[in-house]
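Undergrad: Just remember that our numbering sits 1 ahead of the position in the sequence shown, which is counted from 1. We put the beta carbon where it would ideally sit given N, CA and C, even for glycine. The structure presented is a predicted model; accordingly, all values stated were derived computationally and were not measured.
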Amino acid sequence: MTSQTTVEKAPQGQGSVREPAPIPTKGLRGHPWLTLFAVAVGVMMVALDGTIVAIANPAIQADLGATLGQLQWITNGYLLALAVALITAGKLGDRFGHRQTFLIGIAGFAAASGAIGLSDSIGAVITFRVLQGVFGALLMPAALGLLRATFPAEKLNMAIGIWGMVIGASTAGGPILGGFLVEHVSWQSVFFINVPVGVIALVLGLVILTDHRAENAPRSFDIVGILLLSGAMGSLIWGIIQAGADWGWGDIKTWGCLIGALLLFLVFAFWETRVKEPLVPLGMFRSVPLSAGVVLMVLMAFAFMGGLFFVTFYLQGVKGLGPIDAGLRLLPLTAMMIVSSPLAGALITKFGPRVPLVGGMVCTAVAMFGMITLSAGTGTLVMSLWFALLGLGLAPVMVGATEVIVGNAPLELSGVAGGLQQAAMQVGGALGTAVLGAVMSSKVAGSFADNWKEAGIPAPVNPQLEEAAEFGMAPPELAKAPGMTPDLFDKISGVIHDTFLDGMGLAFTVAGGVAVVAALVATLTKRGANAEAGGMGGHI
Numbered sequence: 002m003t004s005q006t007t008v009e010k011a012p013q014g015q016g017s018v019r020e021p022a023p024i025p026t027k028g029l030r031g032h033p034w035l036t037l038f039a040v041a042v043g044v045m046m047v048a049l050d051g052t053i054v055a056i057a058n059p060a061i062q063a064d065l066g067a068t069l070g071q072l073q074w075i076t077n078g079y080l081l082a083l084a085v086a087l088i089t090a091g092k093l094g095d096r097f098g099h100r101q102t103f104l105i106g107i108a109g110f111a112a113a114s115g116a117i118g119l120s121d122s123i124g125a126v127i128t129f130r131v132l133q134g135v136f137g138a139l140l141m142p143a144a145l146g147l148l149r150a151t152f153p154a155e156k157l158n159m160a161i162g163i164w165g166m167v168i169g170a171s172t173a174g175g176p177i178l179g180g181f182l183v184e185h186v187s188w189q190s191v192f193f194i195n196v197p198v199g200v201i202a203l204v205l206g207l208v209i210l211t212d213h214r215a216e217n218a219p220r221s222f223d224i225v226g227i228l229l230l231s232g233a234m235g236s237l238i239w240g241i242i243q244a245g246a247d248w249g250w251g252d253i254k255t256w257g258c259l260i261g262a263l264l265l266f267l268v269f270a271f272w273e274t275r276v277k278e279p280l281v282p283l284g285m286f287r288s289v290p291l292s293a294g295v296v297l298m299v300l301m302a303f304a305f306m307g308g309l310f311f312v313t314f315y316l317q318g319v320k321g322l323g324p325i326d327a328g329l330r331l332l333p334l335t336a337m338m339i340v341s342s343p344l345a346g347a348l349i350t351k352f353g354p355r356v357p358l359v360g361g362m363v364c365t366a367v368a369m370f371g372m373i374t375l376s377a378g379t380g381t382l383v384m385s386l387w388f389a390l391l392g393l394g395l396a397p398v399m400v401g402a403t404e405v406i407v408g409n410a411p412l413e414l415s416g417v418a419g420g421l422q423q424a425a426m427q428v429g430g431a432l433g434t435a436v437l438g439a440v441m442s443s444k445v446a447g448s449f450a451d452n453w454k455e456a457g458i459p460a461p462v463n464p465q466l467e468e469a470a471e472f473g474m475a476p477p478e479l480a481k482a483p484g485m486t487p488d489l490f491d492k493i494s495g496v497i498h499d500t501f502l503d504g505m506g507l508a509f510t511v512a513g514g515v516a517v518v519a520a521l522v523a524t525l526t527k528r529g530a531n532a533e534a535g536g537m538g539g540h541i
């Protein structure tokens with residue numbers, strides 16, 4: 002069993018805080034490295050589901066007759082629920098214990114996954130995907146809270162490094178596993194696989210995890226704050242998703258959602274200064290490193306998730322690879338994140354987060370600018386170089402920004418800090434996909450007609466083919482169209498590929514610019530004073 006002592010800390014801007022200081026344990030329960038293993042198995046499910054489902058979308062569409070908009074909501078419903086619930090879920094962990102919250106999240110996520118596999122309508126799939134997001138939100142901040150409470154400061158960065166490695170490898174490996182399951186089993190197996198994994202994670206959690214609660218953990222709930230923050234996050238993510246999918250950025254509905262979100266955030270901030278036990282104590286953001294860490298997570302996810310979105314279309318559309326082969330081409334990215342995440346944790350422990358974070362975002366920016374050069378004729382070696390460099394850059398940011406956010410918060414707010422970290426990733430990912438998608442669409446609309454003319458195609462421009470250029474692939478039925486010859490089909494395919502590459506190049510230029518800004522933000526980060534002193538984390 003884990004035994005604990007309490008040590009007195011005096012966070013900046015607050016009174017003294019008594020936090021449990023972990024000491025060496027005997028046996029399974031509460032062992033730090035076994036705790037890491039237990040939470041990593043659970044976190045792997047959530048990270049995988051962020052990318053594995055995209056490969057299954059064509060099979061789901063064929064089986065259930067889903068529209069494009071419905072397919073988008075299989076992913077968007079999950080991301081929306083995850084983003085809206087994360088901070089509230091972190092607060093639940095702080096209040097009732099991270100072990101209990103984690104176990105409920107595991108059980109619910111696995112059950113929702115099984116329900117999706119048994120669904121026979123697209124409406125049921127979307128509904129259970131939303132439930133997956135809610136239970137995933139319970140799980141993720143609780144995992145960070147358990148690590149924060151279990152590991153001493155000198156080993157916390159290494160633990161978060163391995164935790165980040167699991168998330169990065171699962172995210173990047175999703176398309177590979179998804180492609181294999183869809184091609185050789187069924188689309189339902191993409192969801193059924195979470196059931197045995199969830200059972201294993203639940204058993205490990207029951208046997209290994211022990212509960213940690215700070216002495217001054219919150220005892221009441223800020224219901225008004227929960228409603229205001231959920232409304233603000235929901236309006237923000239809904240507006241971003243719909244702007245990229247249906248409405249467009251100039252639509253009044255898009256701006257209505259974004260302005261509504263801003264107003265709700267302002268009202269939420271005002272309310273939090275008046276309530277006795279706020280959902281998110283705004284004093285947390287007096288810490289410049291913590292605030293910089295949150296912004297950094299948004300910018301990193303913007304560049305990474307937005308860029309990865311186009312890479313999958315490039316591999317399957319322009320390069321003509323199947324789902325499994327496309328996933329395998331991303332192995333350098335996955336492998337580099339696996340190798341460099343623990344290394345990044347060790348470097349951050351020794352030298353602090355600033356230099357690794359700046360260096361990581363510089364590598365990410367170079368990779369983004371390098372991927373502008375990708376073309377239909379780019380060889381595997383060159384692609385692998387840019388993908389590996391991207392993985393090398395992302396690993397220290399995933400680890401370091403997480404440590405900066407969670408490590409600079411007191412133990413009794415570690416769940417909220419974990420929720421902030423994950424919410425920042427979801428907002429950044431949604432922004433990246435939507436904004437870079439809009440950049441892509443704008444460039445495609447501007448260059449398709451010119452590329453069509455330069456190819457010398459006598460037929461008038463087909464708007465449906467312009468839409469196909471946004472995905473980089475000529476519709477298969479086009480080859481069988483009346484009057485279509487192999488030479489004409491090759492010319493049209495070339496126009497679609499060239500136009501897609503024009504749009505992707507501009508999108509990567511924007512993503513690279515965002516990565517440069519993130520490198521500048523990273524200069525504001527530093528290790529918390531309490532972590533440097535050998536305590537359990539940082540300060541506010």
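#1: Just list the alpha helix (DSSP H) runs in the region 187-246, keeping only unbroken ones of 4 residues or longer that don't cross its boundaries, in chain order.
#2: If you reduce the DSSP assignment to three classes, tell me which class A67 lands in.
#3: Give the DSSP-derived three-state secondary structure of M337 in the structure shown.
#4: Would you kindly work out how many angstroms separate the C-alpha atoms of K527 and G249, rounded to a whole number?
#5: Alpha carbon to alpha carbon, how far is I163 from P290?
#6: Do A516 and A366 have their C-beta atoms within less than 7 Å of each other?
#7: Around the Cβ of S122, are there at least 16 other Cβ atoms within 10 angstroms (buried) or fewer (exposed)?
#8: Only counting the same chain, and skipping five residues up and downstream in sequence, which positions put a Cβ closer than 6 Å to that of K254?
#9: Going by CA-CA distance only, name the one from F310, V225, A293 and K320 that's closest to A377.
#10: What is the DSSP secondary structure of T379, reduced to helix, strand or coil?
#11: G408: which of Q422, A396 and L395 sits nearest, CA to CA?
#12: Would a C-beta distance cut-off of 7 Å place V196 and L182 closer than the cut-off?
#13: Could you compute how far the alpha carbon of G433 sits from the alpha carbon of M306?
#14: In whole angstroms, give me the CA-to-CA distance for P459 and D488.
#15: Taking Cβ to Cβ, would you say L139 is nearer than 7 Å to G206?
#16: Is it buried or exposed for G380, if we count other Cβ within 10 angstroms and need 16 for buried?
#17: Use the C-beta contact count for L521: other C-beta atoms within 10 angstroms, 16 or more gives buried, fewer gives exposed.
#18: Please say whether G401 and P343 have beta carbons closer to each other than 7 Å?
#19: Which whole-angstrom value describes the C-beta separation of I53 and G137, a residue pair presumed to lie in contact below a C-beta threshold of 8 Å?
#20: Flag this pair as yes or no: are the beta carbons of G513 and M369 separated by less than 7 Å?
#21: When we look at the beta-carbon of K444 and count the other beta-carbons within 10 Å, is it buried (16 or more) or exposed?
#22: If the criterion is Cβ atoms closer than 7 Å, does the pair W188 and I61 meet it?
#23: Which same chain residues, not among the five before or five after G361, have their C-beta less than 6 Å away from its C-beta?
#24: Can you grab the Cα-Cα spacing for the pair P23 / M46, in whole Å?
#25: At the level of alpha carbons, what is the spacing between L525 and E155?
#26: Could you pull the start and end residues of the alpha helix (DSSP H) that H32 belongs to?
#27: Distance, Cα to Cα, T102 vs V356?
TA: Let me spell this out:
#1: If we require 4 residues or more, the alpha helix (DSSP H) runs fully inside the region 187-246 come out as 190-193, 195-209 and 224-243.
#2: Your numbering for residue 67 matches position 66 in the sequence shown. Of the three classes helix, strand and coil, the one that applies to A67 here is coil, per DSSP.
#3: As a first step, residue 337 must be located in the sequence shown, where it is residue number 336. Look at M337 here: in three-state DSSP terms it is helix.
#4: Here residue 527 is taken as the residue at index 526 of the sequence shown, counted from 1. Here residue 249 is taken as the residue at index 248 of the sequence shown, counted from 1. One alpha carbon belongs to K527, the other to G249, and they sit about 39 Å apart.
#5: Taking the first residue of the sequence shown as 1, we reach residue 163 at position 162. Taking the first residue of the sequence shown as 1, we reach residue 290 at position 289. Each residue's Cα considered, the two are about 22 Å apart.
#6: Along the sequence shown, one-based indexing puts residue 516 at 515. Along the sequence shown, one-based indexing puts residue 366 at 365. Closer than 7 Å, so yes.
#7: Indexing the sequence shown from 1 puts residue 122 at position 121. Counting the other CB atoms within 10 Å of its CB gives S122 a total below 16, which places it among the exposed residues.
#8: In the sequence shown, residue 254 corresponds to position 253, counting from 1. Closer than 6 Å at the Cβ level, and outside the excluded window around K254, lie W248.
#9: The residue labelled residue 377 in the question sits at position 376 within the sequence shown. Closest by alpha carbon: K320.
#10: For the purposes of this step, residue 379 is taken as residue 378 along the sequence shown, with counting starting at 1. Residue state, collapsed to three classes: coil.
#11: Here residue 408 refers to the residue found at position 407 of the sequence shown. If we check each option's Cα against that of G408, Q422 comes out closest.
#12: As a first step, residue 196 is located in the sequence shown; it is residue number 195 there, counting from the start. As a first step, residue 182 is located in the sequence shown; it is residue number 181 there, counting from the start. In this structure, the beta-carbon distance from V196 to L182 does not fall below 7 Å.
#13: As a working note, residue 433 is residue 432 in the sequence shown. As a working note, residue 306 is residue 305 in the sequence shown. Approximately 6 Å between the Cα atoms of the pair.
#14: As a first step, residue 459 must be located in the sequence shown, where it is residue number 458. As a first step, residue 488 must be located in the sequence shown, where it is residue number 487. In a straight line, the C-alpha of P459 is about 13 Å away from that of D488.
#15: For the purposes of this step, residue 139 is taken as the residue at position 138 of the sequence shown. For the purposes of this step, residue 206 is taken as the residue at position 205 of the sequence shown. For L139 and G206, no; Cβs fall outside 7 Å.
#16: Against the sequence shown, residue 380 aligns to sequence position 379. Under a 10 Å Cβ-count criterion, G380 is classified as exposed, with fewer than 16 other Cβ atoms of the shown protein chains found around its own Cβ.
#17: Reading the sequence shown from its first residue, position 520 is the one you call residue 521. In summary, L521 is exposed, with fewer than 16 beta-carbon neighbours lying within 10 Å of its beta-carbon over all protein chains present.
#18: As a working note, residue 343 is residue 342 in the sequence shown. As a working note, residue 401 is residue 400 in the sequence shown. Not closer than 7 Å, so no.
#19: Indexing the sequence shown from 1 puts residue 53 at position 52. Indexing the sequence shown from 1 puts residue 137 at position 136. Wrong, their Cβ atoms sit about 13 Å apart, outside the cutoff.
#20: Numbered from its first residue, the sequence shown carries residue 513 at position 512. Numbered from its first residue, the sequence shown carries residue 369 at position 368. Yes, they are a contact pair.
#21: Your numbering for residue 444 matches position 443 in the sequence shown. Counting Cβ neighbours within 10 Å, K444 comes out buried, since at least 16 surround it.
#22: Here residue 188 is taken as the residue at index 187 of the sequence shown, counted from 1. Here residue 61 is taken as the residue at index 60 of the sequence shown, counted from 1. Yes, the pair counts as a contact, with Cβ atoms nearer than the cut-off.
#23: Position 360 of the sequence shown holds residue 361. Excluding sequence neighbours, G361 sits near G394, P397 and V398.
#24: Position 22 of the sequence shown, counted from the first residue, corresponds to residue 23. Position 45 of the sequence shown, counted from the first residue, corresponds to residue 46. Residue confidence is low: P23 scores 47 on pLDDT, short of 50, so the model does not pin down where it sits. No coordinate-derived value is stated.
#25: Position 524 of the sequence shown, counting from 1, holds the residue named residue 525. Position 154 of the sequence shown, counting from 1, holds the residue named residue 155. Between the C-alpha atoms of L525 and E155 there is a straight-line separation of about 22 Å.
#26: By one-based count along the sequence shown, residue 32 stands at place 31. Here H32 belongs to no alpha helix (DSSP H), and DSSP marks it neither H nor E.
#27: Taking the sequence shown and counting its residues from 1, one reaches residue 102 at position 101. Taking the sequence shown and counting its residues from 1, one reaches residue 356 at position 355. The straight-line gap from Cα to Cα measures roughly 35 Å.
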